[in-house]
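A short write-up of the structure that comes next.
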Amino acid sequence: MYNILVRESGRKGETMHYLDNSATTPVLPEAAEAAVHAMREAFGNPSSQHRLGNRAAALLKESRACVAQAMGAQPGEVYFNSGGTEGINTAVFGVCRKNFRRGKHIITTAVEHSATLNSLKKLEGEGFSVTRLQPDADGHIPLGQLEEALREDTILLTCMLVNNEVGACMPVGEMGRLLKRRCPHALFHIDAVQGFFRVPLTPAKWGCDLMSVSGHKVGAPKGIGAFYMKKGVALPPLLYGGGQENGFRPGTEPMPNIAALAAACRVRAAAFAEDCEHVRGLCAYLKAQVAEAFPWAVQNGVNDVPHVVSLSFPGCKSEVMLRVLEQEEVYVSAGSACAKGHESHVLRAMGLPKERIDSALRVSFAPHNTRADVDAFIAAARKGAAMLRR
Ligand code: PLP
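Letter by letter, the sequence shown follows residues 215 to 604 in this note's numbering.
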């Protein structure tokens with residue numbers, strides 16, 4: 215249950231049950247307050263040489279330290295940007311522009327976010343070759359495939375940490391070690407958007423050179439993210455302008471968004487262990503309730519993190535179920551929000567039959583969810599299934 219949203223539901227007295235937190239999360243009150251403070255009190259330009267500028271610069275420094283800690287990084291390794299899509303583009307195009315003379319081979323997985331898939335498609339058109347590792351039926355990438363795919367001309371491995379549709383974790387530690395042993399010059403980018411505050415981030419331990427996270431998946435507003443670039447790695451920037459973010463991401467810093475991201479990190483970090491335990495309990499409760507109410511329903515893949523579960527309700531088309539659930543103020547998604555009604559490339563790559571793909575629902579939790587949200591989902595899904603499986 216999330217009471218801030220009740221007002222917007224338009225149905226008086228009803229609580230909204232928001233279970234689509236892998237698509238985006240509601241902004242935490244602390245993050246909203248930090249943004250308002252930055253807009254009203256610390257509105258100066260961090261580059262200005264006066265007291266107001268200094269106040270904004272101090273807020274920027276403090277925010278960077280806070281976000282760096284959440285990313286398992288040093289402050290000097292963190293660059294604020296607009297989110298996951300920009301981070302992925304920065305990594306992919308930056309590495310290729312810098313290292314194309316060394317080689318033109320890139321390795322990724324078939325289950326990445328469209329920001330990765332479409333960036334790489336563009337590079338293929340420019341003469342780069344891309345190997346896409348295929349998942350098994352659980353959604354995991356077998357390490358042996360990476361071993362086979364590595365080549366002398368491999369310059370980049372880019373892989374997500376947690377899959378946004380099924381919640382499978384990728385073996386990034388083993389991948390990083392293998393890459394560095396076989397292709398020491400190749401760089402490793404991790405799309406950690408769905409792993410941020412789901413699992414601890416340890417880029418140095420993973421052999422990771424570059425990493426992307428996004429604010430709106432952790433209670434900050436949309437349009438803010440952070441990019442990790444390991445000390446000593448120097449990529450060309452995507453944009454050219456002033457010297458902000460060490461010249462790597464120029465443009466006047468969006469202080470309200472930056473302060474909000476830092477505030478969200480502070481809240482999430484303070485309650486991380488407790489939140490994970492809570493979400494683990496909710497996920498177990500959901501699975502038990504689904505097994506009881508819909509013994510014919512199936513889980514797609516393995517969710518190594520409890521925050522996201524993909525379930526198929528054969529005979530119940532996802533789009534129709536979404537509408538029925540919505541009428542009951544229950545919000546989930548059919549797959550990734552970015553896929554917008556297209557068949558899931560993730561479930562397809564996992565080799566699932568069409569009927570399962572067409573009836574998949576993704577339930578994704580954030581710490582604010584409660585058992586009442588799960589109960590509302592089950593009750594609404596019962597209505598939907600009774601209508602659709604008549
Ligand atoms: N990577 C993954 C795994 C995602 O789930 C998303 C967003 O859904 C992105 C990247 C893109 O992030 P953003 O919305 O901040 O551009």
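The beta carbon of each residue, even a glycine, is placed where N, CA and C say it ideally should be. Predicted model only: the values in this text are computed from it and were never measured.
Taking the CB atoms as reference points, tell me whether residue 605 and residue 383 lie closer together than 8 Å. Absent from the structure is residue 605, since the part of the chain shown begins at 215 and ends at 604.
What does the alpha-carbon distance come out to for the pair residue 325 and residue 418? Position 111 of the sequence shown holds residue 325. Position 204 of the sequence shown holds residue 418. Taking the straight line joining both Cα atoms gives about 24 Å.
Measuring from the CB of residue 564, is there a heavy atom of the ligand PLP at a distance below 7 Å? Here residue 564 refers to the residue found at position 350 of the sequence shown. No - the ligand PLP has no heavy atom lying nearer than 7 Å to the Cβ of residue 564.
Thinking C-beta only, is residue 235 closer than 8 Å to residue 556? Numbered from 1 along the sequence shown, position 342 holds the residue referred to as residue 556. Numbered from 1 along the sequence shown, position 21 holds the residue referred to as residue 235. With respect to residue 235, residue 556 sits apart: the two C-beta atoms are not nearer than 8 Å.
Using three-state DSSP, classify residue 603 as helix, strand or coil. Taking the sequence shown and counting its residues from 1, one reaches residue 603 at position 389. Coil, per DSSP.
Can you name the start and end residues of the beta strand (DSSP E) that residue 576 belongs to? As a first step, residue 576 is located in the sequence shown; it is residue number 362 there, counting from the start. Here the beta strand (DSSP E) through residue 576 covers 574-578.
Within 7 Å: the Cβ of residue 234 and any heavy atom of the ligand PLP? For the purposes of this step, residue 234 is taken as residue 20 along the sequence shown, with counting starting at 1. Residue 234: no, Cβ never under 7 Å from the ligand PLP.
For the beta strand (DSSP E) containing residue 499, name the first residue and the last one. The residue given as residue 499 occupies position 285 in the sequence shown. From DSSP, residue 499 is part of no beta strand (DSSP E) but of the alpha helix (DSSP H) over 486-507.
State the beta-bridge partners of residue 354 as determined by DSSP. On the sequence shown, residue 354 is found 140 positions in, with the first residue counted as 1. Note: residue 354 is not bridge-paired with any residue in the DSSP secondary-structure output.
Specify the secondary structure class of residue 410 as computed by DSSP and reduced to three states. Locating residue 410 in the sequence shown gives position 196, counting from the first residue. Residue 410 falls in the strand class under three-state DSSP.
Boundaries of the beta strand (DSSP E) in which residue 608 is found, first to last residue: With the chain covering only 215 through 604, there is no way to say anything about residue 608.
Given this structure, state the Cα-to-Cα distance separating residue 561 from residue 571, to the nearest angstrom. Within the sequence shown, numbered from 1, the residue matching residue 561 stands at position 347. Within the sequence shown, numbered from 1, the residue matching residue 571 stands at position 357. The alpha-carbon atoms of residue 561 and residue 571 are separated by roughly 6 Å.
Examine the ligand PLP and report whether any of its heavy atoms sits within less than 7 Å of the Cβ of residue 298. Here residue 298 refers to the residue found at position 84 when the sequence shown is read from its first residue. Checking the Cβ of residue 298 against the ligand PLP gives yes.
Spatial neighbours of residue 266 in its chain, beta-carbon cut-off 6 Å, leaving aside the 5 residues before and after: Looking up residue 266 in the sequence shown gives position 52. Closer than 6 Å at Cβ, skipping near neighbours: 258.
Look at the alpha carbon of residue 606 and the alpha carbon of residue 596, and state the distance between them as a whole number of angstroms. Within the shown structure, residues of the chain are numbered from 215 to 604, placing residue 606 beyond reach of any answer.
Residue(s) in a DSSP beta bridge with residue 524: As a working mapping, residue 524 is identified with position 310 in the sequence shown. Note: residue 524 sits in a beta bridge opposite 576.
Tell me whether residue 587 sits in a helix, a strand or coil according to DSSP, three-state version. For the purposes of this step, residue 587 is identified with residue 373 of the sequence shown, where counting begins at 1. If DSSP states are grouped into helix, strand and coil, residue 587 belongs with the helices.
Does the distance from the CB of residue 251 to the CB of residue 440 come in under 8 Å? Taking the first residue of the sequence shown as 1, we reach residue 251 at position 37. Taking the first residue of the sequence shown as 1, we reach residue 440 at position 226. No, they are not a contact pair.
Using only the alpha-carbon positions, how far apart do residue 346 and residue 565 sit? Along the sequence shown, one-based indexing puts residue 346 at 132. Along the sequence shown, one-based indexing puts residue 565 at 351. Distance between the alpha carbons of residue 346 and residue 565 is about 15 Å.
Where does residue 530 sit, in a helix, a strand or coil, going by DSSP? Here residue 530 refers to the residue found at position 316 when the sequence shown is read from its first residue. DSSP places residue 530 in coil when its eight states are reduced to three.
Candidates 579, 341 and 494: closest to residue 379 by CA position: Position 165 of the sequence shown, counting from 1, holds the residue named residue 379. Nearest of 579, 341 and 494 to residue 379, Cα basis: 579.
If distances are taken between C-alpha atoms only, which option among 538, 569, 526 and 575 comes closest to residue 546? Position 332 of the sequence shown, counted from the first residue, corresponds to residue 546. Of the candidates 538, 569, 526 and 575, the one whose C-alpha sits nearest the C-alpha of residue 546 is 575.
Starting from the C-beta of residue 647, find all residues in its chain whose C-beta is less than 8 Å away, skip the five residues before and the five after it, and write them out in chain order. Residue 647 lies beyond the residue range present for the chain, which begins at 215 and ends at 604; the question has no answer from this structure.
Report the rounded CA-to-CA distance for residue 282 versus residue 433, giving the unit in angstroms. Start at 1 with the first residue of the sequence shown, and residue 282 comes out as number 68. Start at 1 with the first residue of the sequence shown, and residue 433 comes out as number 219. Going from the Cα of residue 282 to the Cα of residue 433 covers about 17 Å.
Here's the rule: buried if 16 or more other CB atoms are within 10 angstroms of the residue's CB, otherwise exposed. What is residue 509? The count along the sequence shown starts at 1 and reaches residue 509 at position 295. Classification for residue 509: exposed.
Heavy atom of the ligand PLP less than 7 Å from the Cβ of residue 518, yes or no? Working through the sequence shown from its first residue, we reach residue 518 at position 304. Not so, every heavy atom of the ligand PLP lies at least 7 Å from the Cβ.
Taking 7 Å as the limit between beta carbons, can you name the residues of its chain near residue 290, skipping five residues before and five after? One-based indexing of the sequence shown puts residue 290 at position 76. So the list reads 445, once near-sequence residues are dropped.
Use the C-beta contact count for residue 591: other C-beta atoms within 10 angstroms, 16 or more gives buried, fewer gives exposed. Counting from 1 along the sequence shown, the entry for residue 591 is found at position 377. Burial is judged here by how many other beta carbons sit within 10 angstroms of a residue's own beta carbon; residue 591 has at least 16 and is buried.
Distance CB(residue 527)-CB(residue 573) smaller than 8 Å: Against the sequence shown, residue 527 aligns to sequence position 313. Against the sequence shown, residue 573 aligns to sequence position 359. For residue 527 and residue 573, yes; Cβs fall inside 8 Å.
Residue from 260, 297 and 341 with nearest C-alpha to residue 436: Residue mapping note: residue 436 aligns to position 222 of the sequence shown, counting from 1. The residue with the shortest Cα to Cα distance from residue 436 is 297.
Got a sec? Which residues, its chain only, sit under 7 Å from residue 278 by beta carbon, not counting five neighbours each side? For the purposes of this step, residue 278 is identified with residue 64 of the sequence shown, where counting begins at 1. For residue 278, where only same-chain residues beyond five positions count, the Cβ hits under 7 Å are 289 and 292.
For the alpha helix (DSSP H) containing residue 439, name the first residue and the last one. If you number the sequence shown from 1, residue 439 lands on position 225. That residue, residue 439, is in no alpha helix (DSSP H); its beta strand (DSSP E) goes 439-443.
Using DSSP's beta-bridge definition, name the partner residues of residue 372. For this step, residue 372 is matched to residue 158 along the sequence shown. In DSSP, residue 372 forms a bridge with 403.
Could you tell me the distance, in whole angstroms, from the CA atom of residue 485 to the CA atom of residue 242? Numbered from its first residue, the sequence shown carries residue 485 at position 271. Numbered from its first residue, the sequence shown carries residue 242 at position 28. If you take the alpha carbons of residue 485 and residue 242, they lie about 13 Å apart.
Would you identify the three-state DSSP class for residue 513, choosing helix, strand or coil? Walking along the sequence shown from the start, residue 513 turns up at place 299. Strand at residue 513.
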